[in-house]
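Trainee:
Numbering (our numbering), first residue to last: 12 to 703.
1) I'd like to check one pair, residue 22 with residue 100: are the Cβ atoms closer than 7 angstroms?
2) Residue 26 bridges to which residues according to DSSP?
3) Apply the 10 Å Cβ neighbour rule to residue 630 and answer buried if 16 or more other Cβ atoms are within range, or exposed otherwise.
4) Please state whether the Cβ-Cβ distance between residue 608 and residue 585 is less than 7 angstroms.
5) Can residue 133 and residue 184 be called in contact, C-beta distance under 7 angstroms?
6) Given this structure, state the Cα-to-Cα distance separating residue 322 from residue 273, to the nearest angstrom.
7) Can you check which of these residues, 474, 453, 559 and 496, is closest to residue 536 by C-alpha distance?
8) Suppose only complete runs of 4+ residues qualify. What are the alpha helix (DSSP H) ranges in the region 616–650, listed by chain order?
9) Might you give, ordered along the chain, the residues of its own chain that have their beta carbon closer than 8 angstroms to the beta carbon of residue 555, omitting 5 neighbours on each side?
10) Do residue 389 and residue 348 come within 7 angstroms of each other at the CB atom, strictly closer than that value?
11) What does the Cβ neighbour count give for residue 202, buried or exposed, with the cut at 16 atoms within 10 Å?
12) On the DSSP letters alone, give me the boundaries of the beta strand (DSSP E) that residue 194 sits inside.
13) Residues in its own chain within less than 7 angstroms of residue 498 by CB, not counting five upstream and five downstream?
14) Can you check DSSP and say which residues form a bridge with residue 88?
15) Could you tell me the boundaries of the alpha helix (DSSP H) in which residue 159 lies?
16) Taking the alpha carbon of residue 198 as the point to measure from, which residue in 126, 479, 425 and 109 has its own alpha carbon closest?
17) Counting C-beta neighbours from all protein chains within 10 Å, is the total for residue 660 16 or more, i.e. buried, or is it exposed?
18) Here's a check: name, in chain order, each residue in its chain whose Cβ is nearer than 6 angstroms to the Cβ of residue 650, leaving out the five neighbours to either side.
19) Report all residues from its chain with a CB closer than 7 angstroms to the CB of residue 15; omit the five preceding and five following residues, and keep chain order.
20) Between 220, 419 and 449, which lies nearest to residue 408 when the distance is taken from Cα to Cα?
21) Tell me where the beta strand (DSSP E) around residue 359 begins and ends.
22) Taking one C-beta from the region 71–86 and one from the region 231–249 each time, how about it: are there three or more such pairs within less than 8 angstroms?
23) In chain order, what are the residue ranges of uninterrupted alpha helix (DSSP H) at least 4 long that sit wholly in the region 520–608?
24) If you drop the 5 nearest sequence neighbours on each side, which residues of the same chain put their C-beta closer than 7 angstroms to that of residue 588?
25) Residue ranges of each alpha helix (DSSP H) run of no fewer than 4 residues wholly in the region 396–450, ordered along the chain?
26) Provide the residue(s) that pair with residue 772 in DSSP beta bridges, ordered along the chain.
27) When you compare each of 312, 162, 397 and 476 to residue 444 by their alpha carbons, which one comes out closest?
28) Excluding the 5 residues flanking residue 698 on each side, which residues of the same chain have their C-beta closer than 8 angstroms to its C-beta?
29) In its own chain, which residues sit with a C-beta less than 7 angstroms from the C-beta of residue 64, not counting the 5 before and 5 after it?
30) Compare the C-alpha of residue 668 against each of 646, 640, 515 and 626 and name the closest.
31) Cα separation between residue 488 and residue 393?
32) Check residue 107 in the structure and name its three-state DSSP category.
33) Could you tell me if residue 169 is buried or exposed, where buried requires 16 or more neighbouring beta carbons within 10 angstroms of its beta carbon?
34) Spell out a yes or no on whether the region 207–227 and the region 245–258 are touching, meaning 3 or more CB-CB pairs, one atom from each, closer than 8 angstroms.
35) For residue 31, which residues of its own chain have a beta-carbon under 7 angstroms away from its beta-carbon, when the five flanking residues on both sides are left out?
36) Which residues in the same chain as residue 3 place their Cβ atom closer than 7 angstroms to its Cβ, once the five residues preceding and following it in sequence are excluded?
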């Protein structure tokens, strides 16, 4: 069995009887195993004598094999009444090329089976040269012939196709005694299927015992009703048993009723999809149901009609047979739905598709640009771009320009109107914006656009102020808050701060000035406000404003993810306030907070060095109980994890701190962690000190 330039040489087997002995002739290389397989699987008998005609001298059948892909068998009767059989060992390749064009075998079916005086092993193979599928015109003629055979009843054809797809047998009774008519009927049915599926359908043109002939389409010699078979009475044009319901069949027949040429068009369009689904081991009905739904979906989307978004997402994500132009239409449909409903999660599946197909993201980007610039769609475009960036930060760069455009479009749109509540919602949406969006410079522009909104509304002024302390560099913050009209709308404790945030401001400043200003805002905003005011005070060399309340607040900042942003500031505060001249003016809580500020930022060596410095300077003389109490409170009150405590103790172990201070550190940490088992190291160290 070879394929050379689409010329197939098919091995042959002949069996018959001469006198009482069976005679077998064959192509070289064919052995008893192949003969046994043909006998076992391709069980076909010649037509009954009353059903043999010049038009149908024998029976023809296509069967599935085991070691052989398919077996094409012809059964005739010799003059002496003995049955004769000819088997062609058929690979799948020529059947795929024929794509259901079974009339190709009509001349073979009519040829008499030769008989030989003696068995032979030198028979030439059967040559099938350049097998081709039927052209479109022939296929349409076959469909019209099928319609005629079914007495113009499309429902009958629908039932036959449904049975075929659902892998039921089809039994045809009272068919014309014509090989041509019967093969044309089979060919018409196969034409209703996508080409890759047709080659798997088996048939037999004359079946005496359906229980012994294992094909899907059977032309029955008598009015029998085998189990799980749909029975079609050709003469009456009726189905005698109930057909199953089938999605694909309903779809393809809807096309047939409109125009048979649409069937040809649709089956061609479904070829890749059906083949892909079968490759993934789907049953025929499942594969074709998916393919038909795909076809309906394709048509709807091309026409701009509504479609099932979930299936759109499923096809786009999973179906590699989707053509490039349709893939773009599918993707843009999901984007349109997501934006129209402002539900960006509806387009999440695109994130898995973009990396697979070059150009798809660019096509969607081109779709989104005018929407980001549209006054009514910019908010939804922002939400979609933001979701995509947050979901895939490494690949988010392509969407950031859209985010910028959508943000500024929305800001300018709100600036043109007078919807105060919408402005507030817009500004407050940036309070907890993801750092992955990298919106700092854009929000700086939003602040500039929205500053005048704050002149007549205190809440808007607070929103602008909070955005400024969150996103603006200190120079930009100072310039913004030089706007006295804006500042006048801020809470009184905040206004008081700006009076003292100058080098020549009156001294001393009111107690807890910065902390009270930060406390004018919600608890979740207080840390960022306090940190920025402390930064401003340090820049203005107003270390007197950084009191115990500020330091405790900075410890809280340092213990949060926000702390990394203010690492440099916290170090500067420790360095500035640890100058001996300043240090001596600080109370015990402030000194404790300076060390805590180093601990919460994982600067353990620096924290222990601070304690050594304080031990050797501030507390060198009398009242050792002061530093003892401070060290215990430091480790008891500073919010550290067990791992942080243990790393701090590693630094402490090699320090010059007095033994009693180290013991207080261990004791304070144990109390802080409620003597938790994860503090075993501290317990052991404390025990070692106490037992020494």
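Where a beta carbon is used, it is the ideal one built from N, C-alpha and C, also for glycine. Fair warning: this is a prediction, and the values are worked out from it, not measured in the lab.
Mentor: Taking the structure as given:
1) Position 89 of the chain shown holds residue 100. Position 11 of the chain shown holds residue 22. Yes, the pair counts as a contact, with Cβ atoms nearer than the cut-off.
2) As a first step, residue 26 must be located in the chain shown, where it is residue number 15. Assignment of beta-bridge partners to residue 26 by DSSP yields 35 and 96.
3) Numbered from its first residue, the chain shown carries residue 630 at position 619. Buried, by the Cβ-count rule.
4) One-based indexing of the chain shown puts residue 608 at position 597. One-based indexing of the chain shown puts residue 585 at position 574. Their beta carbons are under 7 angstroms apart, which means residue 608 touches residue 585 by this criterion.
5) Stepping through the chain shown from its first residue, residue 133 is reached at position 122. Stepping through the chain shown from its first residue, residue 184 is reached at position 173. For the pair residue 133 and residue 184, the CB atoms are not nearer than the 7 angstroms cut-off.
6) The sequence position of residue 322 within the chain shown is 311, counting from 1. The sequence position of residue 273 within the chain shown is 262, counting from 1. Looking at the backbone, the Cα of residue 322 and that of residue 273 are separated by about 24 angstroms.
7) Position 525 of the chain shown, counted from the first residue, corresponds to residue 536. In terms of CA proximity to residue 536, 474 leads the group 474, 453, 559 and 496.
8) Fully enclosed alpha helix (DSSP H) runs of 4 or longer: 635–648.
9) By one-based count along the chain shown, residue 555 stands at place 544. Correct list, in chain order: 518, 519 and 520.
10) For the purposes of this step, residue 348 is taken as residue 337 along the chain shown, with counting starting at 1. For the purposes of this step, residue 389 is taken as residue 378 along the chain shown, with counting starting at 1. No, the Cβ-Cβ distance between residue 348 and residue 389 is not below 7 angstroms.
11) Here residue 202 refers to the residue found at position 191 when the chain shown is read from its first residue. Buried: at least 16 other Cβ atoms inside 10 Å.
12) The sequence position of residue 194 within the chain shown is 183, counting from 1. Not the beta strand (DSSP E): residue 194 falls in the alpha helix (DSSP H), residues 190–202.
13) By 1-based counting over the chain shown, the position of residue 498 is 487. Same-chain partners within the cutoff: 492, 506 and 509.
14) The residue you call residue 88 lines up with position 77 of the chain shown. When DSSP reads this structure, residue 88 sits in a beta bridge with 94.
15) Residue mapping note: residue 159 aligns to position 148 of the chain shown, counting from 1. Boundaries of the alpha helix (DSSP H) around residue 159: 147–160.
16) Locating residue 198 in the chain shown gives position 187, where the first residue counts as 1. Among 126, 479, 425 and 109, the Cα nearest to that of residue 198 is on 109.
17) On the chain shown, residue 660 is found 649 positions in, with the first residue counted as 1. Counting of Cβ neighbours within 10 angstroms places residue 660 among the buried residues, the total reaching 16 or more.
18) Taking the first residue of the chain shown as 1, we reach residue 650 at position 639. Cβ contact annotation for residue 650 (same chain, cutoff 6 angstroms, sequence separation greater than five): 570, in chain order.
19) Position 4 of the chain shown, counting from 1, holds the residue named residue 15. Here the model assigns residue 15 a pLDDT of 46, short of 50, so the residue's position is not dependable and the matter cannot be decided.
20) For the purposes of this step, residue 408 is identified with residue 397 of the chain shown, where counting begins at 1. Out of 220, 419 and 449, 449 has the C-alpha closest to the C-alpha of residue 408.
21) Here residue 359 refers to the residue found at position 348 of the chain shown. Boundaries for residue 359: no beta strand (DSSP E) harbours it, and the DSSP string shows neither H nor E there.
22) The region 71–86, when compared against the region 231–249, does not touch it at the 8 angstroms Cβ threshold.
23) Along the region 520–608, the alpha helix (DSSP H) occurs as fully enclosed runs of 4 or more residues at 524–529, 537–550, 559–569, 578–588 and 591–594, listed in sequence order.
24) Sequence index remark: in the chain shown, residue 588 carries index 577 (1-based). Answer for residue 588: 554, 557, 594, 597 and 605, listed in chain order.
25) Taken in chain order, the unbroken stretches of alpha helix (DSSP H) that lie wholly in the region 396–450 and span 4 residues or more are 411–427 and 431–439.
26) For the chain, the structure presents residues 12 to 703; residue 772 sits outside this window and is missing.
27) The residue given as residue 444 occupies position 433 in the chain shown. For the residues 312, 162, 397 and 476, the minimum Cα distance to residue 444 belongs to 397.
28) Within the chain shown, residue 698 is the residue found at index 687, counting from 1. Closer than 8 angstroms at the Cβ level, and outside the excluded window around residue 698, lies no residue.
29) Here residue 64 refers to the residue found at position 53 of the chain shown. Exclusion of the five residues before and after residue 64 leaves 188 as the residues of its chain whose Cβ lies within less than 7 angstroms of its Cβ.
30) Residue 668 sits at position 657 when you count from the first residue of the chain shown. Ranked by how close their Cα comes to the Cα of residue 668, the residues 646, 640, 515 and 626 have 626 in first place.
31) Your numbering for residue 488 matches position 477 in the chain shown. Your numbering for residue 393 matches position 382 in the chain shown. Looking at the two C-alpha atoms, the distance is approximately 26 angstroms.
32) Position 96 of the chain shown holds residue 107. Helix, per DSSP.
33) Along the chain shown, one-based indexing puts residue 169 at 158. That one is buried.
34) Result no; under three Cβ-Cβ pairs closer than 8 angstroms.
35) Taking the chain shown and counting its residues from 1, the one referred to as residue 31 is at position 20. Residue confidence is low: residue 31 scores 46 on pLDDT, short of 50, so the model does not pin down where it sits. Its coordinate-derived value is still stated next. If the five residues before and after residue 31 are omitted, its C-beta is found closer than 7 angstroms to no C-beta atom of its own chain.
36) One cannot answer for residue 3 here, as it falls past the ends of the chain, which runs 12 to 703.
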